[in-house]
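*Asks:* First the structure, then my questions, so here it is.
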Amino acid sequence: MAVTDQTPVATSATAGNVGRCTGCNICVKECGFLQRAGTPKELASGEAEYDPFQCTLCGLCTAVCPVGIDPAAFFLERRREVRQAKGADDPRHAPLIAYERRGTSRAFTFYGLPESCSAIFFPGCALPGSRPGVVWKVYEELRRTLPELGIVLDCCLKPSHSLGRKEHFDTSFKEITDYLLEKGIKKVLVACPNCHRIFSEYGGHFKVETVYEVLAGIPGAIPDSGSPCVVIHDPCVSRGMKSMQDAVRQLVAHRGLHVEEMKHARQRTQCCGRGGGVNFVLPNALEDAAASRAAEAAGRAMVTYCAACAETYRGKTTTMHALDLWLSPELAKAGRSKVSRAPFTYLNRLALKRRFRNRGHFAVMRERGGKEVAIETTKRVKAATMVLVIAAAALLFRLAGGNQVCDPATLKQMLQGHEILAPVIFILLYGITPVLFLPGLPMAIAAGLLFGPLWGVIYAITGATLGASASFLVARYLARDWVAARLSGEMWQNLDRKVAEQGWKIVAVTRLVPLFPFNLLNYAFGLTRIPYWHYVTASFLFMLPACIAFIVFSSSLPQLLKGKASPALFAGAALIAAVMLLPAWYRKRARP
Numbered sequence: 002m003a004v005t006d007q008t009p010v011a012t013s014a015t016a017g018n019v020g021r022c023t024g025c026n027i028c029v030k031e032c033g034f035l036q037r038a039g040t041p042k043e044l045a046s047g048e049a050e051y052d053p054f055q056c057t058l059c060g061l062c063t064a065v066c067p068v069g070i071d072p073a074a075f076f077l078e079r080r081r082e083v084r085q086a087k088g089a090d091d092p093r094h095a096p097l098i099a100y101e102r103r104g105t106s107r108a109f110t111f112y113g114l115p116e117s118c119s120a121i122f123f124p125g126c127a128l129p130g131s132r133p134g135v136v137w138k139v140y141e142e143l144r145r146t147l148p149e150l151g152i153v154l155d156c157c158l159k160p161s162h163s164l165g166r167k168e169h170f171d172t173s174f175k176e177i178t179d180y181l182l183e184k185g186i187k188k189v190l191v192a193c194p195n196c197h198r199i200f201s202e203y204g205g206h207f208k209v210e211t212v213y214e215v216l217a218g219i220p221g222a223i224p225d226s227g228s229p230c231v232v233i234h235d236p237c238v239s240r241g242m243k244s245m246q247d248a249v250r251q252l253v254a255h256r257g258l259h260v261e262e263m264k265h266a267r268q269r270t271q272c273c274g275r276g277g278g279v280n281f282v283l284p285n286a287l288e289d290a291a292a293s294r295a296a297e298a299a300g301r302a303m304v305t306y307c308a309a310c311a312e313t314y315r316g317k318t319t320t321m322h323a324l325d326l327w328l329s330p331e332l333a334k335a336g337r338s339k340v341s342r343a344p345f346t347y348l349n350r351l352a353l354k355r356r357f358r359n360r361g362h363f364a365v366m367r368e369r370g371g372k373e374v375a376i377e378t379t380k381r382v383k384a385a386t387m388v389l390v391i392a393a394a395a396l397l398f399r400l401a402g403g404n405q406v407c408d409p410a411t412l413k414q415m416l417q418g419h420e421i422l423a424p425v426i427f428i429l430l431y432g433i434t435p436v437l438f439l440p441g442l443p444m445a446i447a448a449g450l451l452f453g454p455l456w457g458v459i460y461a462i463t464g465a466t467l468g469a470s471a472s473f474l475v476a477r478y479l480a481r482d483w484v485a486a487r488l489s490g491e492m493w494q495n496l497d498r499k500v501a502e503q504g505w506k507i508v509a510v511t512r513l514v515p516l517f518p519f520n521l522l523n524y525a526f527g528l529t530r531i532p533y534w535h536y537v538t539a540s541f542l543f544m545l546p547a548c549i550a551f552i553v554f555s556s557s558l559p560q561l562l563k564g565k566a567s568p569a570l571f572a573g574a575a576l577i578a579a580v581m582l583l584p585a586w587y588r589k590r591a592r593p
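Residue 2 is where the sequence shown starts when you use my numbering, and the numbers rise one by one after that.
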């Protein structure tokens, strides 16, 4: 959309003092947009037609101007006026506007504030989607020095700001700041340079810092002459943010890398081609910008601290996000950092929101536009709901003859005629038994009788692992407070302490040596900090010996009833004896 008679020349042509432009062409030499459109003075005077939405608003023209004018401010004002004249958003920007709309919806937003909270971590939109694990780890690290740190998953409205949607930006961003001010928030920690700019310029009541400044203060390796060399791509929105730029370089150095500066760095950095949504207007913007930066990198790996920039340069040159490098240096250096892309980014954001919601240390929680909910109310409702669901399921299962299902003879009769589905039905039934506190031993015996020693072991261990995992997940995410209230004795507290010290080894011991009730144990592990996959793997491996023992023995029972003692009978009996002797051996070994 060129500026024509139908879209009047700006009435505020003095924005950015562009009328003082001398036409020296220094900015034109640095900017592809100005090379196509003309000097700022020509554009402000209306001497040339141009589309202000082709400007990235990156500010490089402002940085190199010898007389101190700010063409970027002028082009932003022109965007606002063009949009106002048209009375609608440019349809080319529909995908970007839709992205922002989702990011500010109740589905994706979350405000979690602990008691006495005065500071929040605001990771922005892109990082929670592309790197949810990084966001979680950064939050945990920040809480070492700020235990009462809150978390806000929301969008800073930078897209609307850049697209000239001033009214929407003002209203929507004010909703964020008003709530935070009401809650006594004084400091905002950001990871995204765009969020830093927005909060710095429009959230005047807050002290804005970056996570890079905090993380850079943690000592690390010191690069030497033999250290690998990298270059830093400073996002264009970070232009002039020297403290952020210095912190990123220090963080990179602490990961044992030597930083070399490119020609366009810091104050003179170039845009990645996404600035101001230009990539929705100029199809080749990303390719051209990536090629330019790759040429300047000259084969050296590139570190950036903007998720959008990192995505632009992916595949063009080796690129690392500074937070990937902080979290897992070796994976980042090898180009193997875990980075998600759409549509999985949306699933990640929902999962991260759920993870924070279930964290349990927030005094209040809310979603954008929603009512504030006290955490205690949420806990009670969740616990009561889960108790009712589990109790109702157990009751219905028993009324439907679930107790009889655990009997091997009944189970065998039920599965007759379902040879193909029988293993699936058996595994699902076995998986239900520990969740509903039904005995698992009859199911193990039935596995040997129904399927023989080999397949019986395979189906039984699959079902047992499925059931143990389901109980674990219920305790960790759905009914944590209810389970914790019932497992508050000294024995369970010792279990939690030992898991914190030894991790999966405690799972191994308790599976091999049945000192704890199996069904309760599954729920108890859900309350500990052991990673889910460590728990599942250890449970599978160390439930296997007892599973093999009972199933091998039970598979020999039909032969025994016929008066024949098969090798499986003796092998199974020996294995059961060994399993039964394990508790005595363990107690003797553990005795001081």
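All C-beta atoms, glycine included, are put in the ideal place defined by N, C-alpha and C.
Along the chain, which unbroken stretches of the alpha helix (DSSP H) at least 4 residues long are found entirely within the segment 176 to 227?
*Replies:* Counting only runs of 4 or more, we get 194 to 203, 212 to 216.
*Asks:* Nearest-angstrom Cα distance between N18 and P53?
*Replies:* Each residue's alpha carbon lies about 17 Å from the other.
*Asks:* Are the Cβ atoms of C157 and F174 separated by less than 8 Å?
*Replies:* Contact flag set, yes.
*Asks:* Tell me whether L154 sits in a helix, a strand or coil according to DSSP, three-state version.
*Replies:* The answer is strand: DSSP assigns L154 an E or B state.
*Asks:* Taking the alpha-carbon of F34 as reference, which of E50, L437, R21, L154 has the nearest alpha-carbon?
*Replies:* If we check each option's Cα against that of F34, E50 comes out closest.
*Asks:* For L114, which beta-bridge partners are listed by DSSP?
*Replies:* In the DSSP output, where bridge partners are listed per residue, L114 has V365.
*Asks:* Tell me which same chain residues have a C-beta within less than 8 Å of the C-beta of K563, skipping the five on either side of it?
*Replies:* Its pLDDT being 48, under 50, K563 is placed unreliably in this model, and the value from its coordinates should be taken loosely. Around K563: no qualifying Cβ.
*Asks:* Where do the N-terminal and C-terminal ends of the beta strand (DSSP E) with M321 fall, by residue?
*Replies:* First-last of the beta strand (DSSP E) with M321: 320 to 322.
*Asks:* Run through the DSSP bridge pairs and tell me what T463 is partnered with.
*Replies:* Beta-bridge pairing links T463 to no other residue.
*Asks:* Between F363 and G113, which are expected to be in contact by the criterion C-beta below 8 Å, what is the C-beta distance as a whole number of angstroms?
*Replies:* That belief holds up - the Cβ atoms of F363 and G113 are roughly 4 Å apart, short of 8 Å.
*Asks:* Can you give the beta carbon distance from C237 to L61, rounded, assuming they're within the 8 Å contact cut?
*Replies:* Sure, about 7 Å apart at Cβ, within 8 Å.
*Asks:* Could you say if the segment 96 to 116 and the segment 68 to 83 meet the contact criterion of at least three C-beta pairs nearer than 8 Å?
*Replies:* With the cut-off at 8 Å, the segment 96 to 116 and the segment 68 to 83 do not touch.
*Asks:* Between which two residues does the beta strand (DSSP E) holding I121 run?
*Replies:* Element bounds for I121: 120 to 123.
*Asks:* Do L143 and L154 have their C-beta atoms closer together than 8 Å?
*Replies:* No, Cβ-Cβ distance for L143 and L154 is not below 8 Å.
*Asks:* Between the C-alpha atoms of S46 and R102, what's the straight-line distance to the nearest angstrom?
*Replies:* Straight-line Cα distance between these residues: approximately 36 Å.
*Asks:* Report the residue from A254, L252, A461, V83 whose alpha carbon sits nearest the alpha carbon of K167.
*Replies:* Closest by alpha carbon: V83.
*Asks:* With a 10 Å radius around its C-beta and 16 neighbouring C-beta atoms as the bar for buried, classify G371 as buried or exposed.
*Replies:* The residue is exposed, with fewer than 16 neighbouring Cβ atoms inside 10 Å.
*Asks:* Which value, in whole angstroms, describes the spacing of the CA atoms of T434 and H162?
*Replies:* Their backbone Cα atoms lie some 56 Å apart in a straight line.
*Asks:* Does DSSP put E261 in a helix, a strand or coil?
*Replies:* If DSSP states are grouped into helix, strand and coil, E261 belongs with the strands.
*Asks:* Helix, strand or coil, according to DSSP, for T511 in the structure here?
*Replies:* In this structure, T511 counts as helix in the three-state DSSP scheme.
*Asks:* Helix, strand or coil for V406? Go by DSSP, reduced to three states.
*Replies:* Note that V406 scores 47 on pLDDT, short of 50, meaning its location in the model is unreliable; the coordinates nonetheless yield the value given after this. The answer is helix: DSSP assigns V406 an H, G or I state.
*Asks:* Tell me which residue opens and which closes the alpha helix (DSSP H) that T146 is part of.
*Replies:* Per DSSP, T146 belongs to the alpha helix (DSSP H) from 133 to 146.
*Asks:* Could you tell me if L326 is buried or exposed, where buried requires 16 or more neighbouring beta carbons within 10 angstroms of its beta carbon?
*Replies:* When all chains shown are included, L326 counts as buried.
*Asks:* DSSP three-state call for V231: helix, strand or coil?
*Replies:* Residue state, collapsed to three classes: strand.
*Asks:* Who pairs with A108 in a beta bridge, going by DSSP?
*Replies:* DSSP output for A108 lists no bridge partner at all.
*Asks:* My understanding is that G278 touches P160, with C-beta atoms under 8 Å, so please give their C-beta distance in whole angstroms.
*Replies:* Sure, about 7 Å apart at Cβ, within 8 Å.
*Asks:* With DSSP as the reference, identify every bridge partner of V304, one or two as the case may be.
*Replies:* BP columns for V304 point to I233, M321.
*Asks:* Quick one: any contact between the segment 246 to 254 and the segment 328 to 345, if contact means 3 or more CB pairs under 8 Å?
*Replies:* Not touching, per the Cβ criterion.
*Asks:* Which residues mark the beginning and the end of the alpha helix (DSSP H) in which D289 is found?
*Replies:* From DSSP, the alpha helix (DSSP H) with D289 extends over 286 to 298.
*Asks:* My guess is that Q268 and A290 are in contact by the Cβ rule of under 8 Å, so how many angstroms apart are they, rounded?
*Replies:* Actually they are not in contact, since the Cβ atoms of Q268 and A290 sit about 18 Å apart, beyond 8 Å.
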